[in-house]
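> Got a structure for you, written out below as structure tokens; questions coming shortly.
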Amino acid sequence: MIDEKSLDEARAWIGRSQSLEGVVTPFAASCMAATLNWDNYEFKNGDEVPFVWYRVGFPELSPLRACGRDGHPALGEFMPPSPLPRRMYGGTTMTFNRPIKVGEPITKTMSIADVKAKEGRSGDLMFVTVRQEITDKDGIAITDDRTQIYRGEAVEGSSGNHKAAEPPLGAEWSKEVEPSPVLLFRFSALTMNSHRIHYDRDYVTEVEGYPGLVFNGGLTMIMLLELFRENKPNATLKRIKVMARSALHDDAPFTVNGKEGDTPGTANLWAVNPSGGLAYTVDAEYDE
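Reading the sequence shown from the start, the letters are residues 3 to 290 in the numbering used here.
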């Protein structure tokens with residue numbers, strides 16, 4: 003397990019916060035829509051922003067000199083220090099009070115909510131939960147509790163080689179996704195996400211030990227919610243819970259799938275890797 007001193011140092015970051023001013027411009031929203039192959043991808047001021055697109059309003063601005071080995075801003079600034087160098091997306095729980103609007107000022111307030119250590123299949127893990135509150139002129143519009151997972155250095159067989167769980171049965175909606183490097187580049191560029199696992203093949207295979215470029219977790223979530231939007235066009239999301247189960251890569255197409263939930267106003271969405279294993283899940287609540 004992670005030694006107590008390192009864990010205490012990381013937990014000292016709990017409660018730290020910072021606020022950023024942002025705006026989803028017509029250009030940024032249109033770029034996202036074009037990247038997702040919308041037929042009508044032109045947005046204008048005042049249009050509603052699909053809930054999870056708020057991230058394009060807050061590109062990850064940091065000087066190049068402040069980036070760590072993996073391309074992310076170095077740890078020990080806003081994010082707590084970690085003895086484990088590799089990071090990955092763990093999941094998120096988002097609550098939606100109302101849509102934000104293109105062109106309207108918004109604020110993102112981030113705070114370190116929790117730090118935990120666990121023992122995983124491939125060694126020590128550290129989980130850092132960051133609460134993000136997106137506010138507009140009327141108050142909190144979106145709450146996003148996001149978890150980042152930190153792992154040790156790659157050893158042979160530690161990345162991408164575990165057998166994934168079986169996916170749910172009974173999909174009512176399904177679509178194939180082609181995980182191309184162009185798609186990964188465009189999405190990373192939209193949020194100024196410089197994490198090298200999404201675009202640097204030599205780094206991701208030789209340093210982090212993955213079999214190919216890692217498909218961005220946030221983009222997987224968006225692909226699943228796009229499937230939901232296409233099949234439930236009149237639905238308004240209220241809450242989603244996203245869990246990353248296993249990594250997806252750019253080596254072969256994967257599928258996004260979904261069905262109505264067991265209770266009215268709910269839906270279950272999931273991504274399946276090329277080998278048939280479960281990669282991501284989204285449990286959604288909505289009004290219609």
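Ideal Cβ positions, reconstructed from N, Cα and C, are used throughout, including at glycine.
A quick note: this is a predicted structure, and the numbers were derived from the prediction, not measured.
According to DSSP, is residue 203 part of a helix, a strand, or is it coil?
Sequence index remark: in the sequence shown, residue 203 carries index 201 (1-based). Here residue 203 sits in helix by DSSP.
> How many whole angstroms separate the CB atoms of residue 213 and residue 207, which I take to be in contact at a CB cut-off of 8 angstroms?
Position 211 of the sequence shown, counted from the start, is the residue given in the question as residue 213. Position 205 of the sequence shown, counted from the start, is the residue given in the question as residue 207. Their Cβ separation, rounded to whole angstroms, is 7 angstroms, which keeps residue 213 and residue 207 in contact under 8 angstroms.
> I need the boundaries of the alpha helix (DSSP H) containing residue 34, first residue and last residue.
Numbered from 1 along the sequence shown, position 32 holds the residue referred to as residue 34. Taken as a continuous stretch (DSSP letters only), the alpha helix (DSSP H) holding residue 34 covers 28 to 37.
> Relative to the C-alpha of residue 84, which candidate in 117, 284, 60 and 65 has its C-alpha closest?
Within the sequence shown, the letter at position 82 stands for residue 84. The residue with the shortest Cα to Cα distance from residue 84 is 117.
> Name the residue from 121, 193 and 56 whose alpha carbon lies nearest to the alpha carbon of residue 5.
Locating residue 5 in the sequence shown gives position 3, where the first residue counts as 1. The residue with the shortest Cα to Cα distance from residue 5 is 121.
> Over what stretch of residues does the beta strand (DSSP E) that includes residue 110 continue unbroken?
As a working note, residue 110 is residue 108 in the sequence shown. Unbroken beta strand (DSSP E) run through residue 110: 108 to 122.
> Taking one C-beta from the segment 142 to 149 and one from the segment 184 to 203 each time, how about it: are there three or more such pairs within less than 8 angstroms?
Cβ pair count under 8 angstroms is below three, so no.
> With C-beta atoms as the reference, is residue 257 less than 7 angstroms away from residue 274?
Start at 1 with the first residue of the sequence shown, and residue 257 comes out as number 255. Start at 1 with the first residue of the sequence shown, and residue 274 comes out as number 272. In this structure, residue 274 lies closer than 7 angstroms to residue 257 by Cβ.
> Below 7 angstroms CB to CB, which residues in the same chain sit around residue 36 once its five sequence neighbours on both sides are set aside?
In the sequence shown, the residue the question calls residue 36 occupies position 34. Excluding residues within five positions, the ones whose Cβ falls inside 7 angstroms are 43.
> Can you tell me the Cβ-Cβ gap for residue 179 and residue 255, rounded? I've got them flagged as a contact below 8 angstroms.
Counting from 1 along the sequence shown, the entry for residue 179 is found at position 177. Counting from 1 along the sequence shown, the entry for residue 255 is found at position 253. Right, the Cβ-Cβ distance comes to about 6 angstroms (below 8 angstroms), so this counts as a contact.
> Excluding sequence positions up to five away, which residues of its chain have a Cβ less than 7 angstroms from the Cβ of residue 107?
Taking the first residue of the sequence shown as position 1, residue 107 is located at position 105. Counting only Cβ-Cβ distances below 7 angstroms, and skipping sequence neighbours, we find 23 and 25.
> Which residue marks the beginning of the beta strand (DSSP E) containing residue 151, and which one marks its end?
Counted from its first residue, the sequence shown places residue 151 at position 149. Taken as a continuous stretch (DSSP letters only), the beta strand (DSSP E) holding residue 151 covers 141 to 153.
> If I'm right that residue 246 touches residue 282 with Cβ under 8 angstroms, what's the distance once you round it to whole angstroms?
Numbered from 1 along the sequence shown, position 244 holds the residue referred to as residue 246. Numbered from 1 along the sequence shown, position 280 holds the residue referred to as residue 282. About 6 angstroms; that satisfies the 8 angstroms criterion.
> Would residue 311 be called buried (16 or more neighbouring beta carbons within 10 Å of its own) or exposed?
Here the chain comprises residues numbered 3 to 290, so residue 311 is not present and cannot be evaluated.
> Which of helix, strand or coil does DSSP assign to residue 195?
Here the question's residue 195 lines up with position 193 in the sequence shown. Coil, per DSSP.
> Give me whichever residues DSSP pairs with residue 260 in a beta bridge.
Walking along the sequence shown from the start, residue 260 turns up at place 258. Partner(s): 175 and 271.
> Would a C-beta distance cut-off of 7 angstroms place residue 250 and residue 34 closer than the cut-off?
Translated into positions along the sequence shown, residue 250 becomes position 248. Translated into positions along the sequence shown, residue 34 becomes position 32. Not in contact: residue 250 and residue 34 (Cβ atoms no closer than 7 angstroms).
> Where does residue 56 sit, in a helix, a strand or coil, going by DSSP?
One-based indexing of the sequence shown puts residue 56 at position 54. DSSP places residue 56 in helix when its eight states are reduced to three.
> Quick one, which of 280, 261, 288 and 14 has its alpha-carbon nearest residue 267's?
By 1-based counting over the sequence shown, the position of residue 267 is 265. Selected option, being the one with the closest Cα: 288.
> For residue 253, which residues in the same chain have their Cβ closer than 7 angstroms to its Cβ, ignoring the five residues on either side in sequence?
Along the sequence shown, read from residue 1 onward, the residue named residue 253 stands at position 251. Excluding residues within five positions, the ones whose Cβ falls inside 7 angstroms are 213 and 214.
> Measure how close the beta-carbons of residue 130 and residue 82 come, nearest whole angstrom, since I'm counting them as under 8 angstroms.
Against the sequence shown, residue 130 aligns to sequence position 128. Against the sequence shown, residue 82 aligns to sequence position 80. Indeed they touch by this definition, with Cβ atoms about 6 angstroms apart.
> Quick one: residues in its chain with C-beta nearer than 6 angstroms to the C-beta of residue 149, no 5 flanking neighbours on either side, listed in chain order?
Taking the sequence shown and counting its residues from 1, one reaches residue 149 at position 147. Result list for residue 149: 92, 93, 129 and 131, in chain order.
> Counting only the same chain and skipping the five closest in sequence on each side, list residues whose C-beta sits under 6 angstroms from that of residue 49.
The count along the sequence shown starts at 1 and reaches residue 49 at position 47. Only 104 meet the Cβ criterion.
> What are the boundary residues of the alpha helix (DSSP H) that includes residue 98?
Numbered from its first residue, the sequence shown carries residue 98 at position 96. Here residue 98 belongs to no alpha helix (DSSP H); instead the beta strand (DSSP E) covers 88 to 98.
> What would DSSP say about residue 240, mapped onto helix, strand or coil?
Taking the sequence shown and counting its residues from 1, one reaches residue 240 at position 238. Three-state result, residue 240: strand.
> Could you check whether residue 177 and residue 229 sit closer than 7 angstroms to each other, using their CB atoms as the reference points?
Taking the first residue of the sequence shown as 1, we reach residue 229 at position 227. Taking the first residue of the sequence shown as 1, we reach residue 177 at position 175. Their beta carbons are under 7 angstroms apart, which means residue 229 touches residue 177 by this criterion.
> May I ask you to report which of helix, strand or coil DSSP gives residue 80?
If you number the sequence shown from 1, residue 80 lands on position 78. It is coil, neither helix nor strand.
> Within 10 Å of its beta-carbon, does residue 293 have 16 or more other beta-carbons around it, so buried, or fewer, so exposed?
Because the chain spans 3 through 290 in this model, residue 293 falls outside it and cannot be assessed.
> Please return the same chain residues whose Cβ sits closer than 7 angstroms to the Cβ of residue 262, not counting the five positions on each side in sequence.
By one-based count along the sequence shown, residue 262 stands at place 260. Excluding residues within five positions, the ones whose Cβ falls inside 7 angstroms are 174 and 269.
> Going by alpha carbons, who is nearest to residue 151 out of 86, 224, 55 and 31?
For the purposes of this step, residue 151 is taken as residue 149 along the sequence shown, with counting starting at 1. Residue 151 has its Cα closest to that of 86, out of 86, 224, 55 and 31.
> Verify whether the separation of the beta carbon atoms of residue 308 and residue 210 is less than 7 angstroms.
Nothing can be reported for residue 308, as the shown portion of the chain is limited to 3 through 290.
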